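Note that the sequence shown covers residues 36 to 277 in the numbering used here. Take a look at the structure below.
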Amino acid sequence: MPLSARPVVLLAAAAILGTGFALGGFAVGKGFSDSRLGDRYVTMKGLAERDVQADLALWPLRFTATGNELAEVQGKIEADVAAVIDFLTSAGLPAEAVQRQRLEVTDIQANPYRPEGVRDRFIIAQTLLVRTEDVDKVVDLSRRVGELVSRGVVLGEGVAPRYVFTRLNDVKPEMIAAATQNAREGATQFAADSGSSVGAIRKASQGVFQILPRDDGMPFDESATVEKKVRVVSTIEYYLAD
Numbered sequence: 036m037p038l039s040a041r042p043v044v045l046l047a048a049a050a051i052l053g054t055g056f057a058l059g060g061f062a063v064g065k066g067f068s069d070s071r072l073g074d075r076y077v078t079m080k081g082l083a084e085r086d087v088q089a090d091l092a093l094w095p096l097r098f099t100a101t102g103n104e105l106a107e108v109q110g111k112i113e114a115d116v117a118a119v120i121d122f123l124t125s126a127g128l129p130a131e132a133v134q135r136q137r138l139e140v141t142d143i144q145a146n147p148y149r150p151e152g153v154r155d156r157f158i159i160a161q162t163l164l165v166r167t168e169d170v171d172k173v174v175d176l177s178r179r180v181g182e183l184v185s186r187g188v189v190l191g192e193g194v195a196p197r198y199v200f201t202r203l204n205d206v207k208p209e210m211i212a213a214a215t216q217n218a219r220e221g222a223t224q225f226a227a228d229s230g231s232s233v234g235a236i237r238k239a240s241q242g243v244f245q246i247l248p249r250d251d252g253m254p255f256d257e258s259a260t261v262e263k264k265v266r267v268v269s270t271i272e273y274y275l276a277d
């Protein structure tokens, strides 16, 4: 899916001349000392953001069956597995995109601390994991899980799809360049206001790349949404010249 660059200009809230003035007289004195030695610099933060879309969907589908006869419970699980796979493949997902996970069997009577009044002895749980690059297909199917109820399958909690952006390394170089350019623009503006010009980079520190929900203020984890935003903030010191 196409990636749309969206450089965002962020001027640093404060530009630090020399080593800064926040430390009082000592820092101010050192700043003037550096100035006399010709080591004047400004520290800026450069921001780059880019909207991206998930290119991988992971969807665990978990369901259980209970009963007193192990063979009967296992038969119910196998019927549910067949129903879920048919639901997925009939919508266009290839069979190889559905991975069967470990079967979990619990014998309640084998638990010495079992609660009183439990009627069913066996609980069998099965998870099918959908792993596909067809993200749109998973989005559509996740909205139709109610159809499984009519087939006698009740999914457990926590079965929402996770949407992953795997191509972070593809966008890193361009975003680092954009963040650096953003920082230089801020430094250039600061230098112009102070009657100086921007020189070479003195020191640079690349921030951590973050993958966030595309829209700010969303209450859920970024993996719950297909639309995402990649952000990086770089801190760069530039020499200043008269």
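Where a beta carbon is used, it is the ideal one built from N, C-alpha and C, also for glycine. Model, not experiment: these values are computed from the prediction.
- At a Cβ-Cβ threshold of 8 Å, residue 206 and residue 170 do not count as neighbours.
- Per DSSP, reduced to three states, the secondary structure at residue 234 is strand.
- Scanning the region 92-132 for uninterrupted alpha helix (DSSP H) segments of 4 residues or longer gives 105-124, listed from N- to C-terminal end.
- For residue 89, the CB contacts under 7 Å within the same chain, skipping 5 residues up- and downstream, are 170, 198, 199, 200, 261, 263 in chain order.
- If you draw a straight line from the Cα of residue 84 to the Cα of residue 247, it is about 10 Å long.
- Under the Cβ criterion (8 Å, minimum of three pairs), the region 94-113 counts as touching the region 145-164.
- Counting C-beta pairs with one atom in each stretch, the region 120-129 and the region 167-185 have three or more that are closer than 8 Å, which means they touch.
- For the pair residue 196 and residue 91, the CB atoms are not nearer than the 8 Å cut-off.
- Taken through DSSP and simplified to helix, strand or coil, residue 215 comes out as helix.
- Restricting attention to 154, 120, 277, the CA atom closest to the CA of residue 142 is found in 154.
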